[in-house]
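Numbering (numbering that gives the first Met the number 0), first residue to last: 0 to 171. Don't be surprised by glycine CBs; every beta carbon is placed ideally from N, CA and C.
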Amino acid sequence: MSNFRKIYLLVIFTILLNFIAIYSFDYKEFFSDKNEFKISDVDDFSDIFFGKKNISSDYTILKQNNILVLSGTFSTNAVLEEFKTALKINLDENITIDKNRKIDFETANRVYKIIDFLKEYMENGSKIVVKNNNIIFEGAVKYKRYARLVQILENEFESDTFFVDIDTLEFN
Numbered sequence: 000m001s002n003f004r005k006i007y008l009l010v011i012f013t014i015l016l017n018f019i020a021i022y023s024f025d026y027k028e029f030f031s032d033k034n035e036f037k038i039s040d041v042d043d044f045s046d047i048f049f050g051k052k053n054i055s056s057d058y059t060i061l062k063q064n065n066i067l068v069l070s071g072t073f074s075t076n077a078v079l080e081e082f083k084t085a086l087k088i089n090l091d092e093n094i095t096i097d098k099n100r101k102i103d104f105e106t107a108n109r110v111y112k113i114i115d116f117l118k119e120y121m122e123n124g125s126k127i128v129v130k131n132n133n134i135i136f137e138g139a140v141k142y143k144r145y146a147r148l149v150q151i152l153e154n155e156f157e158s159d160t161f162f163v164d165i166d167t168l169e170f171n
């Protein structure tokens, strides 16, 4: 077999592999919005069949010593662990398990979007409180230069269920 024929087969093989790689790549998954997460907090069949209403989970995420601490009420330990993993929270305390409580995913995704703001830009003692699907974000900003970020945050989540009570020092 000549060198020309070997090179020709190598080029054909390379082009074939490129076509396979391009057509098998899932672009929708790669470019999808990564600002959401899912937790398998599903309803029981009996809950659906009998029309049982579930109460929303109430929880607090507190920043203590630059660590986020979760406390609140969840439906199961598995849901609690998935929630902690999704939000990258290491500690939990004062956790209550109540099977009638379910996480509202819209509220949880809003918390997911602001959790990094709490980690990076807020003082210790700042917290996110979720009660009856209302989000209360309170605390103090680390530095004065982050005050504008609070305004952006308020504008992005402007609604009846999102409240900001942050000491922003001054807007100069």
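Selection Ile-165, Ile-60, Asp-97 evaluated against Ala-107 yields Ile-60 as nearest (Cα-Cα). Per DSSP, Thr-160 lies in no beta strand (DSSP E) and is assigned neither H nor E. Annotation for Val-128: Thr-59, Ile-135 place their beta carbon closer than 6 angstroms to its own, counting only its chain and skipping 5 residues before and after. Ser-74 is classed as buried because its beta carbon has at least 16 other beta carbons within 10 Å across all chains shown.
DSSP, reduced to helix, strand and coil, places Phe-116 within a helical segment of the structure shown.
Val-140 places its beta carbon 8 angstroms or farther from that of Glu-153. By the criterion of a C-beta distance shorter than 6 angstroms, Asp-91 is surrounded in its chain by Leu-69, once the five residues flanking it on both sides are discounted. For the pair Lys-130 and Gly-138, the CB atoms are not nearer than the 8 angstroms cut-off.
With respect to the 8 angstroms criterion, Ile-102 and Phe-116 are not classified as neighbours on the basis of their beta carbons.
DSSP links Phe-73 through a beta bridge to Ile-96.
Shown here, Ser-125 sits in coil according to DSSP, grouped into three states, outside any helix or strand.
Counted as a single uninterrupted DSSP element, the stretch harbouring Asn-89 is not any alpha helix (DSSP H), since DSSP gives it neither H nor E.
When beta bridges are read from the DSSP output, Phe-136 appears opposite Ile-127, Val-163.
The alpha carbon of Ile-113 has as its nearest neighbour, out of Phe-161, Lys-143, Ile-94, the alpha carbon of Phe-161. For Tyr-22, the secondary structure class from DSSP, reduced to helix, strand or coil, is helix. Ile-88 and Glu-80 have their C-alpha atoms roughly 9 angstroms apart. Judged by their CB atoms, Leu-86 and Tyr-120 are not nearer to each other than the 8 angstroms cut-off. For the 8 angstroms CB-CB criterion, Gly-71 and Ile-54 do not form a contact.
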